[in-house]
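Quick notes on the structure that follows.
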Amino acid sequence: MKIEIAVDGSKAVIKLEGWLDTQTAPELGEAVAGLEDSVTDIVLDFEKLEYISSAGLRQIVAIYKKAKSLVICNVSNEIMDVFKMTGFDKRLNIQ
């Protein structure tokens, strides 16, 4: 998986590419943990994310708990189906 992070003040945009699964979820956790404490608003851009597993969903929950504001954008139909099956679509701000 490829992770690209752009920070602008208190906002971080995190672009993910590839698979967010058991192998790669810790990378996302480390990337978010490495953000400055002043970053309170996080945008996850899933435009190039192909797959998400339960380990990836756990990382999203951890980010949701850390951030004051979490937005997930550019979600594919396949990943939106996973969000709907798990109820994430009712809890998260998905655009």
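Counting in the numbering used here, the final residue of the sequence shown is number 190, and the numbers go up one at a time with none missing.
From the three backbone atoms N, C-alpha and C, an ideal C-beta is built for every residue, glycine too.
Since residue i is in the alpha helix (DSSP H), which residue starts that stretch and which ends it?
i: Glu142; result: Segment 136-147 is the beta strand (DSSP E) holding Glu142; no alpha helix (DSSP H) there.
i: Glu99; result: Note, Glu99: premise wrong, no alpha helix (DSSP H); beta strand (DSSP E) at 97-103.
i: Lys163; result: Lys163 -> no alpha helix (DSSP H), and no H or E assigned at all.
i: Val108; result: Element bounds for Val108: not the alpha helix (DSSP H) but the beta strand (DSSP E), 106-115.
i: Val170; result: Val170 -> no alpha helix (DSSP H), and no H or E assigned at all.
Assuming residue i and residue j make a contact with CB atoms under 8 Å, what is their CB distance in whole Å?
i: Glu145; j: Gly124; result: Actually they do not touch by this definition, with Cβ atoms about 19 Å apart.
i: Leu130; j: Ala150; result: The pair is not a contact, with the Cβ atoms about 20 Å apart (cut-off 8 Å).
i: Phe141; j: Ser171; result: 7 Å
Considering only C-alpha positions, which residue in the set the options is nearest to residue i?
i: Gly104; options: Val134, Ala126, Leu130; result: Val134
i: Ala157; options: Glu99, Lys179, Pro121, Val108; result: Pro121
i: Lys143; options: Ile109, Ala126, Asp176; result: Ile109
i: Ile155; options: Val170, Asn169, Leu139; result: Leu139
i: Ile98; options: Val170, Val127, Lys185; result: Val127
i: Met175; options: Ala162, Arg153, Ile147, Lys161; result: Ile147
i: Asp116; options: Ala101, Met96, Asp184; result: Met96
i: Arg153; options: Asp136, Thr119, Asn188; result: Thr119
i: Tyr159; options: Asn188, Ala101, Cys168; result: Asn188
i: Gln190; options: Cys168, Lys179, Phe183; result: Cys168
i: Ala162; options: Val102, Lys185, Asp184, Asp136; result: Asp136
From what residue to what residue does the beta strand (DSSP E) around residue i run?
i: Leu123; result: Element bounds for Leu123: not the beta strand (DSSP E) but the alpha helix (DSSP H), 120-128.
i: Glu131; result: Counting along the chain, Glu131 falls outside any beta strand (DSSP E), and DSSP gives it neither H nor E.
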